[in-house]
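Numbering (my numbering), first residue to last: 208 to 677. Note that the Cβ used here is the ideal one computed from N, Cα and C, for glycine as well. Computed from a predicted model, the values in this text were never measured in an experiment.
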Ligand code: AMP
Ligand code: ZN
């Protein structure tokens, strides 16, 4: 399997540090608002890549943080007259809801920056002891020039950077030894959350957070570090400088970056105000459609968001889901017994699409081509399954299709997930029986209607209420 490594600017064969295992860190969102669909792009892409690694048999340790201390969170807390923690907790919960709707699997660990301050202080102290950082009146800076490989990820030349920086005089940064130095620890300002440290009360800089959380949950050296391409510089460049100087070994073997989600060919961002939240989209579409839309382009290409492309994604997804339904029907109604003549050969033929799918995913996670092979499989299944097919044949094709859909995170059997488990249905039936006893017929009808909308039909019999799927 090959992945494009931003560090070498080439597609490289993927060889994990430890056989059969993958350690992966994906920079997560700053939680001061509902996430927008640009933020959802790395979540969906790297979740799909993780699912593919698991499909290939790797054990994946997947870590994605929440940045829960930041100027924007503090600003929002001041606006709302509440604590920064209240803001970050609220939007972490909302983000997790969106992730569930997008069928993004929770990370092995979702660390919070504010819970990892001790580790940050420790790493900053190591950097000071090694001469890579210095304290200037309560602000600790990284001595950028001391890290001789600075710029290796973003391919920036340190002298060009310095020329650029000279023009920009940032207020309050006069204590820096060099304009290129960046902040590891900043002193407390009135009304801001702060922690005790050897350099006085304050809070960490953004870059040190990821270096520390990655080290704690995945180790000094990891396989893959990922995020949106805007993070290459300065965030990931600075993470490399910090981690490699502190740990004395390479930080990440592979660096993966997704392209931007644009709108009217401009980057979608909160600061430009040209964004849709995932929640906005969920009012019009099932979030599966958004997921499918994101996967229909190569992850490194820019992707322009439009109604037309979302409608195309909706139709494409429907074609796949309908093929799944048709196959399930064929399983229920198919002929009992062994595979019939030709059916074994047809199953082998269907496996060709699996091979194509894997080849696409092995080629730097090319989900666009992988989806094409799913469409080919759908077309094949639609044309080969009929009322004469055996149960076994329909079942084999369904397993092939659902195996590929699982990698892409496409849910083929939606109703069950929407309704939850059978215990939920029983609970609703009991609630309805109680409502009837209480002569609250309006509530009883409401419950029946709610279940009907989810495809669950109720039938009142002498033995009680029975249910079936529509
Ligand atoms: P932020 O909360 O801005 O730190 O972003 C969280 C993640 O979303 C990072 O990996 C960003 O690179 C990514 N991201 C933000 N905006 C976009 C966008 N318009 N398109 C793709 N990725 C984005
Ligand atoms: Zn990060």
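Residue i classed as buried or exposed, judged by whether at least 16 other C-beta atoms fall within 10 angstroms
i           : result
residue 624 : No answer about residue 624 holds up, because its pLDDT of 47 lies below 50 and its placement is not dependable.
residue 660 : exposed
residue 285 : exposed
residue 403 : exposed
residue 270 : buried
residue 444 : buried
residue 430 : buried
residue 631 : exposed
residue 212 : buried
residue 249 : buried
residue 668 : exposed
residue 405 : exposed
residue 256 : buried
residue 479 : exposed
residue 358 : buried
residue 671 : exposed
residue 314 : buried
residue 553 : buried
residue 187 : For residue 187 there is no data in the structure shown, the boundaries of the chain being 208 and 677.
residue 599 : buried
residue 451 : buried
residue 217 : exposed
residue 398 : exposed
Inter-residue Cα distance where the pair is residue i and residue j
i           : j           : result
residue 375 : residue 392 : Note on residue 375: pLDDT 48, under 50, position unreliable in the model; no value is reported.
residue 263 : residue 642 : 50 Å
residue 288 : residue 539 : 58 Å
residue 247 : residue 595 : 44 Å
residue 417 : residue 502 : 26 Å
residue 277 : residue 644 : 54 Å
residue 410 : residue 400 : 7 Å
residue 420 : residue 662 : 44 Å
residue 365 : residue 345 : 26 Å
residue 333 : residue 607 : 52 Å
residue 532 : residue 620 : 8 Å
residue 222 : residue 548 : 43 Å
residue 394 : residue 229 : 37 Å
residue 650 : residue 635 : 11 Å
residue 494 : residue 646 : 38 Å
residue 302 : residue 320 : 16 Å
residue 505 : residue 363 : 25 Å
residue 424 : residue 325 : 14 Å
residue 652 : residue 673 : 15 Å
residue 354 : residue 382 : 20 Å
residue 639 : residue 618 : 30 Å
residue 235 : residue 283 : 19 Å
First through last residue of the alpha helix (DSSP H) which encompasses residue i
i           : result
residue 614 : 598-615
residue 639 : 629-644
residue 174 : This structure leaves residue 174 out entirely; the chain is present only between 208 and 677.
Boundaries (first-last residue) of the beta strand (DSSP E) holding residue i
i           : result
residue 384 : Unbroken run through residue 384: none, as it is neither H nor E.
residue 210 : 209-212
residue 410 : 409-411
residue 485 : No beta strand (DSSP E) contains residue 485, which is instead part of the alpha helix (DSSP H) from 485-491.
residue 217 : 217-220
residue 668 : 663-668
residue 671 : 671-676
residue 394 : 389-394
residue 239 : Careful: residue 239 lies outside any beta strand (DSSP E) and carries neither H nor E.
residue 404 : Taken as a continuous stretch (DSSP letters only), residue 404 belongs to no beta strand (DSSP E), as it is neither H nor E.
residue 226 : Where residue 226 is concerned, there is no enclosing beta strand (DSSP E), given that its DSSP letter is neither H nor E.
Any non-hydrogen atom of the ligand PLP within 7 Å of residue i CB
i           : result
residue 248 : The ligand PLP is absent from the structure shown, which contains only the ligand AMP and the ligand ZN.
Cβ contact check for the region 475-495 and the region 449-465: 3 or more pairs under 8 Å = no
request  = Please list the segments of the alpha helix (DSSP H) lying wholly inside the region 263-309, counting only runs of 4 or more residues, in order along the chain.
outcome  = 278-287, 291-308
inquiry  = Quick check for students: name the residue ranges of the beta strand (DSSP E) that lie wholly in the region 433-477, counting only runs of 3 or more.
reply    = 459-465, 468-470
task = Within the region 502-583, note down every full alpha helix (DSSP H) run reaching 4 residues or more, in order along the chain.
result = 514-540, 550-569
request  = Can you check the region 302-365 for any alpha helix (DSSP H) of at least 4 residues that lies completely inside it and give the ranges in chain order?
outcome  = 324-336
task = Specify whether the region 463-483 and the region 503-514 touch according to this definition: at least 3 beta carbon pairs, one from each stretch, less than 8 Å apart.
result = yes
ask   = Do three or more CB pairs link the region 558-569 to the region 594-613 at distances below 8 Å?
value = yes
key: Given 8 Å, three or more beta-carbon pairs between the region 518-531 and the region 584-594   = yes
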